[in-house]
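Accompanying notes for the structure given below.
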Ligand code: ATP
Ligand code: MG
């Protein structure tokens, strides 16, 4: 394998923060980077002190790779920090959650109400035999009650394992058993594109497959006749599942009568807060473990600085709580800051493709945090949808989940942010707990497609094959420009404490590639000005005629063409070159495939980044195989292009997409 990952794409546009933004920003002094780098422990300690602790810590950090402990000896409670300290003070009547559902109804819950709701539910958990040290499997729609469940678990010291409500019975069963959960919390159903997703029926199936540790299933009536959501509309037909007396318990029959008095369990800083399974883009999901003190410190700090979160903000993160983004930036981070969060249950194109923009208009969201996959879908649908909505309340935009192509970044900045709103591209993982690489909106001059610099206190390195590279700790810190492996060289508070029940896999996956450094699995490039450009997963990077080329760069060049909305690029086995570049593209709304288009696209890539990156073949398709969290699964496209049987498709959003693609691809070849 060649020594470094080639980087080819050039992007020189730069967007410095406006003087108005700087003047009001939570942080605007570039010196904070050097200060944090000089003493990261003192930096993180200053954040931890902004949380409420029942007992102080005696040691800030103990680290023997791969094992880290933060704020050792300290005692705190995550829910106390997210709810009680606001409800008991000036934010009692401040909205904590504004929720809107697909049929159009909405609800607002204040911090005072949130405290009562969470406390009642926590008492109900106790009545069902759940206590400190137990684990709870959560399979719910994106309703306020989902946040209550997470916070009620944390209140009594039980750990939650939220499983995205789109996963199958097998996936739920696998995760519930892996985490050895005592209770499953679900709802009768949830809304998606005018239909009802039958959650309880899927839990029944998972229970039939066998979840021996589960003694009860707690069911929220949400879409059914006496549910809270239907907004006067009759719920469409759906599978209600089968009620099992003794095992199944209705939420409304046990929760409302509980007392609102439920003290917060004092938790050790290193006690388990939750387990969350990764989205499975690269294979079997890993049960990522997060503990209390460090995770709360990391999510609190990043929420405040990356999103410039203020008391007046309406923070709209579109991620489901089934993903880490929903954990850290719908619930724990913003709520630790006492913010108002906006939650939406439903699809972004129901009833029409302007739904997200209508929600922003209606609730006057000020911050929008979403994923490149969504942004590219919005681009594909066209600007007429955002253009007909008033989104002047927005003041900051964020992106997470995949590398954002420069063209999608520019579209987001111009069409959604009207050029006024800083865009923060945030790189992080389920494993990192909180944002690691990002612009700070009051400091950083952003470049479209670059996640810019590490958050203060974080040390990133771009390693060569042999594990050499400078530590990058902020703007202006440069090293050898070029591509390599993304590693984190110092411990940070919100880092995962491991894979649940599998320390060997933890060691092997993240800590064996390089000595004493966390290997994230992603490729990254450092440019001459010290900016970091994420290149996608190392497994996805292609080896063409002896050059490692990032799939992401070729995809960005394709998306740069006016007719392309989305692209997925893979390396296909080739006799002479080792791998040949193969691309799958989706066209933008209003554009059709025509003879000559494929050659035009190949030429466009060669023009943008050089002949080396010219794709050998380009296949125009209607959809790409994606995970439930919207990430393209390139390993399946490699299976398609190389004519193999498809690998594990259980974490796909829609397995039919890849089967159809395979058929079409094969018939186009013959
Ligand atoms: P699995 O580990 O099971 O394959 P996953 O990696 O998709 O699943 P997540 O933890 O949700 O699960 O995603 C983290 C990954 O997402 C990162 O390692 C990176 O590849 C990608 N990613 C997230 N944010 C960004 C970003 N801003 N820029 C580039 N890539 C990103
Ligand atoms: Mg991963």
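Numbering (the working numbering), first residue to last: 792 to 1461.
Note that the Cβ used here is the ideal one computed from N, Cα and C, for glycine as well.
Closer than 7 angstroms: residue i CB and nearest the ligand ATP heavy atom
i	result
residue 1298	no
residue 1325	yes
residue 1014	no
residue 1156	no
residue 1114	yes
residue 1260	no
residue 1219	yes
residue 1191	yes
residue 1328	yes
residue 1078	no
residue 1062	no
residue 820	no
residue 1232	no
residue 1216	yes
residue 1242	yes
residue 1197	no
Identified DSSP bridge partners for residue i
i	result
residue 956	Residue 956 is not bridged to any residue.
residue 854	859
residue 823	Answer is none; residue 823 lacks a bridge partner.
residue 806	1237
residue 891	897 and 1135
residue 976	929 and 1009
residue 1259	None, per the DSSP bridge assignment.
residue 756	This structure gives no information on residue 756, because the portion of the chain shown stretches from 792 to 1461.
residue 886	901
residue 986	983
residue 797	1340
residue 1332	Paired residues: none, contrary to the question.
residue 818	Answer is none; residue 818 lacks a bridge partner.
residue 866	846 and 1059
residue 1427	According to DSSP, which records beta bridges pairwise, residue 1427 is partnered with nothing at all.
residue 1445	Answer by DSSP bridge pairing: none, since residue 1445 is not bridged.
residue 1408	1373
beta-carbon residue i near the ligand MG non-hydrogen atom, thresh 7 angstroms
i	result
residue 948	no
residue 1312	yes
residue 967	no
residue 1442	no
residue 1418	no
residue 1093	no
residue 798	no
residue 1069	yes
Extent of the continuous beta strand (DSSP E) to which residue i belongs
i	result
residue 1081	1078-1082
residue 1415	That residue, residue 1415, is in no beta strand (DSSP E); it is neither H nor E in DSSP.
residue 1134	1131-1136
residue 982	981-983
residue 1158	1158-1161
residue 1323	1323-1328
residue 834	Here residue 834 belongs to no beta strand (DSSP E); instead the alpha helix (DSSP H) covers 831-839.
residue 1253	1251-1254
Delimiting residues of the alpha helix (DSSP H) encompassing residue i
i	result
residue 739	Because the chain here runs from 792 to 1461, residue 739 falls outside it and cannot be looked at.
residue 1126	1124-1127
residue 1286	Element bounds for residue 1286: n/a, residue is neither H nor E.
residue 991	990-1001
residue 1316	Element bounds for residue 1316: not the alpha helix (DSSP H) but the beta strand (DSSP E), 1309-1317.
residue 1301	1294-1301
residue 1277	It is not in any alpha helix (DSSP H) - residue 1277 instead sits in the beta strand (DSSP E) that spans 1273-1279.
residue 1153	1146-1154
Check whether the stretch 1051-1063 and the stretch 1094-1114 are in contact - that is, three or more C-beta pairs closer than 8 angstroms. no
Discussion item. Across the stretch 932-941 and the stretch 978-990, are there enough close Cβ pairs to call them in contact, namely three or more that are closer than 8 angstroms?
Written reply: yes
Practice problem: Could you tell me which uninterrupted alpha helix (DSSP H) segments, each at least 4 residues in length, are contained entirely in the stretch 914-965, listed from first to last along the chain? | Solution: 935-947
What are the complete alpha helix (DSSP H) segments, minimum 4 residues, inside the stretch 1335-1405?
-> 1342-1350 and 1388-1400
Stretch-stretch touch, CB-based, cutoff 8 angstroms, three pairs: the stretch 910-926 with the stretch 887-895
no
**OP:** Run through the stretch 1163-1244 for me and flag every whole beta strand (DSSP E) of 3 or more residues, listed as ranges in chain order.
**Re:** 1187-1190 and 1214-1216
**OP:** Could you tell me whether the stretch 1280-1300 touches the stretch 1076-1095, where touching means 3 or more Cβ pairs closer than 8 angstroms?
**Re:** yes
inquiry  = Using a Cβ distance threshold of 8 angstroms, determine whether the stretch 1292-1307 contacts the stretch 1398-1407, with at least three qualifying pairs required.
reply    = no
Jot down the residue ranges of each uninterrupted beta strand (DSSP E) in the stretch 1055-1118, minimum 3 residues, whole runs only, in chain order. 1063-1068, 1078-1082 and 1105-1108
### Task
May I ask you to verify whether the stretch 1340-1347 touches the stretch 1311-1330, counting CB pairs closer than 8 angstroms and requiring at least 3?
yes
Exercise. Looking at C-beta atoms only, is the number of pairs between the stretch 951-970 and the stretch 990-1008 that lie closer than 8 angstroms three or more?
Worked result: yes
The stretch 1148-1162 touching the stretch 1387-1394, judged by at least three CB pairs closer than 8 angstroms = no
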